[in-house]
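All letters in the sequence shown, in the order written, are residues 2 to 315 by the numbering used here. Ideal placement from N, C-alpha and C gives every residue a C-beta, glycine not left out.
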Amino acid sequence: MKKTNDFGKFDFVGNIGIFGGISLVLTFVSLVYLATTGINYGIDFRGGTEVQVKFADQSVTIDQLRKTVETLNIGDASLQSIGENSEFVIRFQTPKKPTEKEQNEEMQVLLGKLKSTIETTYKDQTPEIRRVDTVGPQVGAELKRNGFLAVFYCLLVILGYVAFRFDYQYAPGAVICLFHDAVITLAIYNLMGKELNVPALAAIMTLIGFSLNDTIVVFDRIRETVGNYYDKGWPFIINKAINDMLGRTIITSGTVFTSALCLYIFADGAVKDIAFALTVGIVFGVYSSIYVAAPMIIVIDKLRGSKLSRAQNA
């Protein structure tokens with residue numbers, strides 16, 4: 002990154018061509034990846050049953066338990082190990098039935114068969130069924146639809162808020178920035194084989210709020226700087242604003258990133274997945290506030306043909 006003494010330590014705007022191209026490629030690749038491979042939905046969104054079981058005897062392995070589950074013929078079941086204490090999560094979907102009532106009855110039959118087999122087969126290992134979550138396919142579809150509608154309405158409200166709070170030339174940059182963060186984070190989350198469920202979607206919504214907060218702070222500083230350095234042009238104004246807020250951004254984002262990273266390293270289960278989404282999202286959130294949201298102000302202003310852009314080009 003180039004250094005300069007005119008407006009601060011770093012020339013961020015001087016590199017927007019490179020980083021803008023990187024962002025465009027990452028967003029496009031993420032969208033193509035999600036469209037071709039599909040999102041790995043959890044039982045919250047696709048329906049099914051999730052059983053968490055813990056064994057007092059730590060000699061039980063996931064391979065042993067998988068062989069036991071396969072003998073039940075309960076469909077495409079998946080197993081996940083939690084920690085190193087012989088604790089596992091078993092997920093399976095119920096075969097489709099003509100009616101929801103029949104579907105629920107079949108789910109209860111399969112669940113009873115699974116619990117009975119585990120308790121009988123591993124009687125000496127003292128199995129403990131710690132949690133059973135069941136979601137019907139219709140409920141899962143409704144949760145999925147409502148979840149994505151919530152994200153859409155969130156972006157729509159943010160568009161209106163930023164346009165009202167600042168100016169409509171700032172609003173597109175904020176929404177594009179948030180869309181950029183959410184899509185790339187979701188693609189990486191999916192690539193790591195993690196399931197998208199309600200907690201994970203809540204983590205993405207939290208990420209959107211965090212990224213927006215950082216973007217708003219940068220926009221606020223840009224607006225203040227415009228009044229004092231109107232004749233300097235957009236590159237100077239944006240560079241000075243970002244450099245002025247750089248220390249605050251590093252401290253705030255660094256603190257949240259460290260906390261999320263520690264949760265990801267030391268936690269298990271859903272907390273670990275949420276922490277992973279936040280850890281990845283915070284990195285892209287800070288990056289996009291600088292290299293996506295702020296440069297979009299220049300693009301929109303040039304399209305408007307404002308006096309500031311004309312003075313800059315003169």
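- By the criterion of a C-beta distance shorter than 6 Å, Cys178 is surrounded in its chain by Thr216, Ser289, Val293 and Ala294, once the five residues flanking it on both sides are discounted.
- Looking only at Lys303, Gly22, Leu150 and Pro173, the smallest Cα-Cα distance to Ile159 is reached by Pro173.
- Segment contact: the stretch 42-56 against the stretch 85-94, three or more CB-CB distances shorter than 8 Å; contact assigned.
- If you look at Phe267, you'll find it in the alpha helix (DSSP H) that goes Trp235 to Phe267.
- Bounds of any alpha helix (DSSP H) do not take in Ser79; it lies within the beta strand (DSSP E) bounded by Ser79 to Ile83.
- Beta-carbon to beta-carbon, Leu112 and Leu73 are separated by about 11 Å, too far to satisfy the 8 Å threshold.
- The residue from Tyr169, Ala268 and Gln59 with its alpha-carbon nearest to that of Ile299 is Tyr169.
- By the neighbour-count criterion, in which a residue is buried when 16 or more other Cβ atoms sit within 10 angstroms of its Cβ, Tyr231 is exposed.
- For Phe93, the enclosing beta strand (DSSP E) begins and ends at Glu88 to Phe93.
- Linking Leu187 to Asp125 through their CA atoms gives a straight-line distance of about 42 Å.
- Around the beta carbon of Pro99, fewer than 16 other beta carbons lie within 10 angstroms, which makes this residue exposed.
- For Ile291, there is no enclosing beta strand (DSSP E), since its DSSP letter is neither H nor E.
- In this structure, DSSP gives Phe13 a state outside helix and strand, which the three-state scheme calls coil.
- Between the stretch 269-279 and the stretch 191-205 there are three or more C-beta pairs closer than 8 Å, enough to call the two in contact.
- Taking each of Ala183, Gly43, Val284 and Thr62 in turn and checking the Cα distance to Gly141, the smallest one comes out for Gly43.
- Assignment of Gln53 by DSSP, reduced to helix, strand and coil, places it in the strand class.
- According to the DSSP secondary-structure assignment, Pro296 is paired through a beta bridge with no residue.
- In this structure, Ser254 lies near Val287, with their beta-carbon atoms less than 8 Å apart.
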